[in-house]
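Number 46 in my numbering belongs to position 40 of the sequence shown; there are no gaps in the numbering.
The C-beta atom is built at its ideal place from N, Cα and C for all residues, glycine as well.
Small disclaimer: the values here were computed from a predicted structure and weren't measured.
The next block holds one structure in the form of structure tokens; read it before the comments.
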Amino acid sequence: MQSNEVKALIESSLEDARVEVEGEGCNFQLNVISDTLAALSPVKRQQQIYSLLNEYIADGRIHAVTMKFYTQEAWASRA
């Protein structure tokens, strides 16, 4: 699976989310920028993302995913 496919999948499924994806092959680091997700608990945030990726994890197209979540403001102000 390519990083652009992961990005498109998440962004098309989560209305206000923007995703920066690093990695290739089957290992990805996701920076998820979403005020809606940022308002959720850490477990709920991850559950939202994993619900979109579980099919690809199960069939081996994705092996490892790490995630960081940001509000729009936090993403814009990071240095």
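Measure the beta-carbon distance from PHE34 to ILE63 and round it to whole angstroms, keeping in mind my assumption that it falls under 8 Å.
About 11 Å separates the two Cβ atoms, so there is no contact after all.
Can you tell me where the beta strand (DSSP E) holding GLU17 begins and where it ends?
Segment 9-19 is the alpha helix (DSSP H) holding GLU17; no beta strand (DSSP E) there.
Looking at the strands, I want to know which residues DSSP matches up with ASN33.
GLU30 and ALA70
Look at THR77 and ALA44 and say whether their C-beta atoms are less than 8 Å apart.
Cβ distance < 8 Å, so THR77 and ALA44 count as in contact.
For PHE75 and ASP41, the rounded distance between their alpha carbons
Going from the Cα of ASP41 to the Cα of PHE75 covers about 9 Å.
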